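4 protein chains.
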Amino acid sequence: MTDLLWPGDHHAGEIFTDTAVLDAMLRVEAAWSTALVSAGIAPPDAQVTVESLRPLIGAADLEAIAIEAESGGNPVIPMVRRLRDGLGSGTAASWLHRGLTSQDVVDCALMLCARAGVGVIANELDAQVQTLSTLAGDHRGSSMVARTLTQHAVPMTFGLKAAQWLHGVVDARELLARLVFPAQIGGAAGTSAAAAELSGTGGDPGAALEAATVVAGLLGLTPAAPWHSVRTAVARCGDATLGCTDAWGHIANDVLILSRPEIGELAEGSGGSSSTMPHKANPVLSVLIRRSALSAPALGATLHLSAADAVDERTPGAWHVEWDALRTLVRRTVIAARQTSRLLAELRVDAARMRDNLEAAGTAVTSEQDSMATIAGHEPASGYLGATDSFIDAQLARAARGGGDEREGN
Amino acid sequence: MTDLLWPGDHHAGEIFTDTAVLDAMLRVEAAWSTALVSAGIAPPDAQVTVESLRPLIGAADLEAIAIEAESGGNPVIPMVRRLRDGLGSGTAASWLHRGLTSQDVVDCALMLCARAGVGVIANELDAQVQTLSTLAGDHRGSSMVARTLTQHAVPMTFGLKAAQWLHGVVDARELLARLVFPAQIGGAAGTSAAAAELSGTGGDPGAALEAATVVAGLLGLTPAAPWHSVRTAVARCGDATLGCTDAWGHIANDVLILSRPEIGELAEGSGGSSSTMPHKANPVLSVLIRRSALSAPALGATLHLSAADAVDERTPGAWHVEWDALRTLVRRTVIAARQTSRLLAELRVDAARMRDNLEAAGTAVTSEQDSMATIAGHEPASGYLGATDSFIDAQLARAARGGGDEREGN
Amino acid sequence: MTDLLWPGDHHAGEIFTDTAVLDAMLRVEAAWSTALVSAGIAPPDAQVTVESLRPLIGAADLEAIAIEAESGGNPVIPMVRRLRDGLGSGTAASWLHRGLTSQDVVDCALMLCARAGVGVIANELDAQVQTLSTLAGDHRGSSMVARTLTQHAVPMTFGLKAAQWLHGVVDARELLARLVFPAQIGGAAGTSAAAAELSGTGGDPGAALEAATVVAGLLGLTPAAPWHSVRTAVARCGDATLGCTDAWGHIANDVLILSRPEIGELAEGSGGSSSTMPHKANPVLSVLIRRSALSAPALGATLHLSAADAVDERTPGAWHVEWDALRTLVRRTVIAARQTSRLLAELRVDAARMRDNLEAAGTAVTSEQDSMATIAGHEPASGYLGATDSFIDAQLARAARGGGDEREGN
Amino acid sequence: MTDLLWPGDHHAGEIFTDTAVLDAMLRVEAAWSTALVSAGIAPPDAQVTVESLRPLIGAADLEAIAIEAESGGNPVIPMVRRLRDGLGSGTAASWLHRGLTSQDVVDCALMLCARAGVGVIANELDAQVQTLSTLAGDHRGSSMVARTLTQHAVPMTFGLKAAQWLHGVVDARELLARLVFPAQIGGAAGTSAAAAELSGTGGDPGAALEAATVVAGLLGLTPAAPWHSVRTAVARCGDATLGCTDAWGHIANDVLILSRPEIGELAEGSGGSSSTMPHKANPVLSVLIRRSALSAPALGATLHLSAADAVDERTPGAWHVEWDALRTLVRRTVIAARQTSRLLAELRVDAARMRDNLEAAGTAVTSEQDSMATIAGHEPASGYLGATDSFIDAQLARAARGGGDEREGN
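Chains as they are written, first to last, in the numbering used here: chain G, -5 to 404; chain P, -5 to 404; chain U, -5 to 404; chain R, -5 to 404.
As structure tokens, then:
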């Protein structure tokens, strides 16, 4: 899967593709059959494995399922029909999917695919923390002019700028680490009535609840009460990906400004070429990262709108709008994660140019110090970097601690 | 191309797929070569046809181009490289793409793909106008209870409800009809300097301007001055698609409410099935149309954000974010268009149930009339439908007129 | 009314304030009483004037009405109660508001307030067209370097940049000029049944329709069939204001970049000061205009969401969310309009710095020309501005024509 | 402060009003003066108290400050000027605000105002948890029909529905509890250079860092390294408020559906009246809560966009757009909090109607059970509520535990 209109899309590979979603749904059906048997609800020969299900759905079936999904509004119905046909007339076919509802399968698959993407993103964040920690430490002495509202302000160092980028990246890592991916097992209306009925215990839900716990364990999801109309897990997943693109957008924006030829303090390792101007070296990674950062908030809002529009025991429309929004957010965040890691790893820092620009700024960057010295009644100190190094230390320490819940680092 | 997570995606067929975008870009390059020759800038053997270019890009190339697009930030550079390689060392290869910039090719391709989608949508709107006009006329006598803020209000007819739906659909048709799809031909920075230089006229831009007019004509786009950083055309295209989903969302919402079993006044022609409950007939088309209506505003906002973030002669990031947002909006609007046409064509209206519900509402729907009659000092009239028929007539007349710029219809 | 957290808010003055909305609602009630009498529905002494109504609602009442609005969900009910109390026990009190519903009054008031804001914006756009036309003409000879994806591209002139800004401003003017502000007169459920009943004509709606036409004329709104659940007018108003902020955002972004000290080609007439750095001259107007441009798309999306969520004959929640979103959009657009007019009027253009930067760019901006000349087999021309002047001419001509529906200007 | 176009606005009282923001800024300036003295940077007579500052800014000054805020882009500059003027020519005037930048003052004030709002919201959530826990427990035996995609599905109880509402409310409480409100003390560019210079320690930042810690303590904010361009705290605050309106939107939507006259299972304690239909009892609180839930996602997206647009050491425009977006989100969430608490406290549950509707649904709600019993090879059990009670227990237990980070509750 590639996307001609989203350069870099290949970095997301098979994460959350149609194929990955289908496979996740097969894993859910297989795990559920195991859970039904394990809980004593279904007979042993009801159990199927994902390996036995996969061959029943060919590549052409995927497209057919996508088309047939319209008639019931989701892809589970045509998928289950094919699986039962493929399993023949025996016990396994008869028991497949029993006790589940379409939303159970889709929601579990969404969580599995999201978790896979989040795992990749977390690894990239770890790498970025390393790179930024190094940059922050290495450039404690690289003086540059700080800019506020586009204008020269006072001196700072590039080490502090890297530490500020690190600040945001550790924030993102922290939010990602808090994510929970709950299993969704509730049956038609979140009562697990079908599974309880199947267990033949006269209404005692013990076996049904046990099956739900087993399936969560098999899938590596967090056991949870049904959340068909309580979409916290999805909305938070979106918020966490936005935390990432917020942090990376900041980095990309700084690179875009500081690599302008008139400023020239930073440069991408290998700039992008132009179709007509051979000399150009565009900051393409930054361009593409900024693109992701601009697109993400609207998608996150869509997930919250979906959560806020919940009604009844399954929501018409708002549930359906989540699927692709979550997929798109996760894939694009994976892509931007990899682009940011590379941007940082290859970033070229021109400390001499930073110093030159600072010197050229002249009195624009020393006037505040003069004012302060006058007020305090002494001569200006020899530098004007204040607590710059302390703030670098604080971010480095926080990054090294693993970014617990505290965000301060003072 | 299908999308497992957007049921109904197949209705958009090849509109704005990667393949369609690539083909549109090939059409732009071919048309430009023709224009260069036509304007006397390039020699006759510089001309290539789209038929000669298509074989130079195979299916595997499409994926490779998508991957390589990352290095320059857009797919034009790897595409042109392949085309030149395929054309060999002659004049055609040498002249291909000369005078254009990547943005010219991408923007023209976006406009071509958007126009194709808008054409389909417009046809569906026309069909909906017919269906709704018939519904409005046929159900002048189908009394029902009007509902405001979820509660029973006063009597109305289903004919008026259909006329209100028609009102929105004609509004959408009007907005779509106003759309302009401008050609984008400006070269590296919107000065057409390269084309002028190529024309060898010592800086006279006459031939370059002529070529721009020719290429617009060949592509069926509106001739236009360069708009690299003035994104009105894209933002308005988004706004017009939102006008459509706004109108269809209204229809779907009404069907979702009125097909609830306790109300039962409307039903989809063939409801969707359930994976576990054999009796259910879900209003699936309405569910999926509502889904589209909920997702569209955020994408439209992304297009406006992109327009508002324009800077310099080509915008870093905001330009790039437009591509997929426009594609997604157009495809989803095509899908929702077809789903709405079918929803309306197959809609089942239970006039008897409408009448029963109205009667069951009792004094809740007659108390206003009694108050009014008391104030005016006369007995209540025999009905309480006011100008219902006049308002139906107004919408029917407006629809029949073709939906000019006036929106009133009184 | 001022807003400490939206600097510049005072530029919107009384447009769409609570006081203005209340006064607009009073105008609607007064005009309707006139219309009822004019159409022969109410007796002559039922007529009230806005001048007679205003004294009945004091400043303290405004706050009380706002508080009491919660119980019915809108401010009309407590307002009408106060007016009737103030009018005493006579005919005028008895007839006040008869035939209307709260939504009629609120929607008409929204249209009146929006139209007032749009009028101010249109005037500012006209002024900007003048300023930009002058800038574009005056700076035909001010060469500067064009920048694409932040990097130097080829030469252009500041006249062309001003013409591109003009391009967007004329687009915005065009969209604003298309806006229609329809009257909303439909009664409880958009059937005008109450007005018809009041007319005592046994159900003939003629007088009721006449009254609706009269009230539209009195208020200066466009006569229209009821649109309680068809929110096109509101959504389009939002889209048009976004068209404005899109155009101004582009201008502000360019000023923010080009007034960076390392570039220095533009400067605001009087930059903003700093609380701690006496030397700074921040491009504050651009900062505040960009702020508006960033905030507007989300509000526009809210209006479309509201339109798409329409249901029944009055929508629960989505209708209510429109009110403040429309007010905020209109006020902020008025503010940004005035800030942009001033920004442009006072803009300082440093043509010498532009020329210096272009020269410093060196071969970066001439390499494309060399490539083109080589391909075409001649020496490079003496300049490389291509159709720059033609494109300026095109925008000037379009601006002078008044910006009809055509957007090209080629 | 009231808002005619946002009924219920008075519930937010003085939270985050202009007056509250100004007072928060005065508290920051006073606390900073104390911190400067405490850290030995300023002489003792530099200290001012908020009580001494308040009289220096009158009501008329607030409006003047709002107007003058435009020239520097924020209200701190005109406020500080007035305060210095008011303090006269002594030490206090000379030292006021020294070492701070405008952004320090605004950001600290935003955090103080947000925290005040969040405190109110948290209290309301606690009350809702109580009410919902009672509802869930009391209605374990209130059978009703579950509805999925608008259609009848299987039986459930209203106790489970209340437990699902509780699920969302506890999620919201959890997210709110995680919020951190960091102090912002960094000076012109986040280096604390001015404070260090003032301390006269030759560049040693120890005293400056001590002052920052002291001021955080005085204000009750979390000590933090400067975050001028790292906007996590603001974006997360927005996300947490969205978590609230998501949960309440779900509740309101259910009430809006279930209080439709044809369903009649729920009713608001005291419905809203109509301006023309005396019989109506509209579910006004639900309408207004839904309104808030629909408006919040777009504002949350604005905060993320702002975070993602960060650049340099102070961001032009994106920083400024946060202020009112955060204020509006917080106030509206407070309002919706109070409306939801009241909605729940007064909610009327018609268990008999629920039972009637369930019975009327007939075989539509028993067919799944029959299928399951057939598959399992036994007679259907006497009920079909599965794990309904277990799921209620799980939510009650989680609510009672205080809603730790786990979200499951299985």
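The beta carbon of each residue, even a glycine, is placed where N, CA and C say it ideally should be.
Predicted model, so just to flag it, every value in this text is computed and none were measured.
Along the stretch 274 to 294 of chain P, the positions whose C-beta sits under 9 Å from a C-beta of chain R are Lys274, Ala275, Asn276, Pro277, Val278, Ser280, Val281, Pro291 and Ala292, read in chain order. Against chain P, the beta carbon of alanine 355 of chain R has neighbours under 8 Å at Pro255, listed in chain order.
Excluding the 5 residues flanking it on each side, aspartate 364 of chain G has same chain C-beta neighbours closer than 8 Å at Pro374, in chain order.
Around the beta carbon of asparagine 117 of chain G, a 10 Å sphere encloses fewer than 16 other beta carbons of the protein chains shown; the residue is thus reported as exposed. In the three-state reduction of the DSSP assignment, proline 1 of chain G falls in the coil class, being assigned neither a helical nor a strand state. Using a Cβ distance threshold of 7 Å, glycine 380 of chain P and serine 186 of chain U count as a contacting pair. In this structure, DSSP gives serine 137 of chain P an extended state, which the three-state scheme calls strand.
Burial is judged here by how many other beta carbons sit within 10 angstroms of a residue's own beta carbon; serine 223 of chain U has at least 16 and is buried. Contact annotation: in the stretch 373 to 399 of chain U, no residue has its CB less than 9 Å from a CB in chain R. In the DSSP assignment, arginine 254 of chain U is bridged to no other residue. Cβ atoms of alanine 121 of chain U and cysteine 238 of chain U stay farther apart than 8 Å, at about 13 Å.
According to DSSP, residue pairing for valine 343 of chain R in a beta bridge involves R/Leu260.
When 8 Å is used as the limit between beta carbons, aspartate 248 of chain U is near these residues of chain P: Val305 and Asp306, in chain order. Pairing aspartate 198 of chain R with alanine 190 of chain R, the inter-Cα distance amounts to about 7 Å.
The way I'd put it, the stretch 86 to 96 of chain G does touch the stretch 57 to 75 of chain G; three or more beta-carbon pairs between them come closer than 8 Å.
For the stretch 144 to 172 of chain P, the beta-carbon criterion of a distance under 8 Å to any beta-carbon of chain R is satisfied by Thr144, Gln145, His146, Ala147 and Val148. For the pair alanine 183 of chain G and alanine 58 of chain G, the Cα-to-Cα distance works out to about 28 Å.
Between the alpha carbons of threonine 28 of chain G and aspartate -3 of chain G lies a gap of roughly 37 Å. Below 8 Å, enough C-beta pairs join the stretch 296 to 306 of chain G and the stretch 246 to 258 of chain R to call them touching: three or more. By the neighbour-count criterion, in which a residue is buried when 16 or more other Cβ atoms sit within 10 angstroms of its Cβ, serine 335 of chain P is buried.
Linking alanine 388 of chain G to proline 1 of chain P through their CA atoms gives a straight-line distance of about 50 Å.
In this structure, P/Ala140 is the residue among P/Pro38, P/Ala140 and P/Asn276 with its C-alpha nearest to the C-alpha of glutamate 256 of chain R. The alpha-carbon of glutamine 158 of chain U is positioned some 33 Å away from that of leucine 77 of chain P. Following the DSSP letters along the chain, one finds threonine 13 of chain U inside the alpha helix (DSSP H) bounded by residues 12 to 32.
The three-state secondary structure of threonine 216 of chain R, taken from DSSP, is strand. By the Cβ-count criterion, threonine 235 of chain G is buried, with 16 or more other Cβ atoms from all chains shown falling within 10 Å of its own Cβ.
Legend: CB atoms of the stretch 55 to 68 of chain P lying less than 8 Å from CB atoms of chain G belong to residues Leu56, Glu57, Ile59, Ala60, Ile61, Ala63, Glu64, Ser65, Gly66, Gly67 and Asn68.
Annotation: alanine 86 of chain G to alanine 40 of chain G spans about 4 Å, alpha carbon to alpha carbon.
Residue-level contact by beta carbon fails for proline 38 of chain P and chain U, as no gap is shorter than 7 Å. Judged by their CB atoms, valine 324 of chain G and leucine 143 of chain U are not nearer to each other than the 7 Å cut-off.
Given a length threshold of 4 residues, each whole run of the alpha helix (DSSP H) inside the stretch 288 to 373 of chain P is given here in chain order: 312 to 340, 345 to 355 and 361 to 370. Contact with chain P is found for isoleucine 71 of chain G, since one of that chain's Cβ atoms lies less than 7 Å from the residue's Cβ. Look at valine 278 of chain U here: in three-state DSSP terms it is helix.
Interface flag for tryptophan 242 of chain R against chain U is unset, since no Cβ pair is found closer than 7 Å. Contact between arginine 75 of chain P and valine 44 of chain P is ruled out by a C-beta separation of about 18 Å, above the 8 Å threshold.
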